[in-house]
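Participant: Letter by letter, the sequence shown follows residues 2 to 113 in my numbering.
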Amino acid sequence: MQRPGPVMEPTREQLVRHYLDNPLSRSLVIGEASECLSWHRSHPMYPSRDSLARYYAAAQAVLVETQGAFNRLETQQARRDLNAEYAKRLSYAGHIKQLALDAMNTRTEVAS
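#1: Restricting to runs no shorter than 4 residues, where is the alpha helix (DSSP H) found entirely within the region 34-93?
#2: Any idea what DSSP makes of residue 12, helix, strand or coil?
#3: Taking the straight line between their C-alpha atoms, what separation do you get for residue 98 and residue 106?
#4: Residue 113 to residue 50, Cα distance in whole Å?
#5: Which residue from 78, 68 and 83 puts its Cα closest to that of residue 95?
#6: Run through DSSP, which three-state label would residue 113 get?
#7: Is the distance from the Cβ of residue 57 to the Cβ of residue 102 below 8 Å?
#8: In three-state DSSP terms, what is residue 20?
#9: Compute the distance between the beta-carbons of residue 62 and residue 27, then report whether it is under 8 Å.
#10: Does the beta-carbon distance from residue 60 to residue 16 come in below 8 Å?
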């Protein structure tokens, strides 16, 4: 009987692909990130590096999906109609992504 090999952590690209394929999971992680990073912004400790990587990847997936949806719109009228919604989504995801990056760069170790 063979023992399983070491478990490899998913790369950032794999996480982004996962969240592109799983919109419900992506939404849940974005909600968690929004709550956690907003609270931790005023707190000296941040979530684990794994959590921050998930937050970053979910935000990147929102950015990729929104830009792709905007590019697929056929008419200029449709683009104008959805421009405000897409701008809000891009801004929100960009904000979460930046908070996750800032937290990764300034993170202090949290004892679990």
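For every residue, glycine included, the Cβ atom is placed at its ideal position computed from N, Cα and C.
Facilitator: Put simply:
#1: If you keep only unbroken alpha helix (DSSP H) runs of at least 4 residues inside the region 34-93, you get 50-73.
#2: Annotated three-state conformation of residue 12 is coil, per DSSP.
#3: Going from the Cα of residue 98 to the Cα of residue 106 covers about 12 Å.
#4: Its pLDDT being 39, under 50, residue 113 is placed unreliably by the model, and the measurement read from it follows with that caveat. Rounded to the nearest angstrom, the two C-alpha atoms are 12 Å apart.
#5: 68
#6: The predicted position of residue 113 is uncertain, since its pLDDT is 39 and thus under 50; a value taken from the coordinates is nonetheless stated next. Of the three classes helix, strand and coil, the one that applies to residue 113 here is coil, per DSSP.
#7: In this structure, residue 102 lies closer than 8 Å to residue 57 by Cβ.
#8: Helix at residue 20.
#9: Their beta carbons are under 8 Å apart, which means residue 62 touches residue 27 by this criterion.
#10: no
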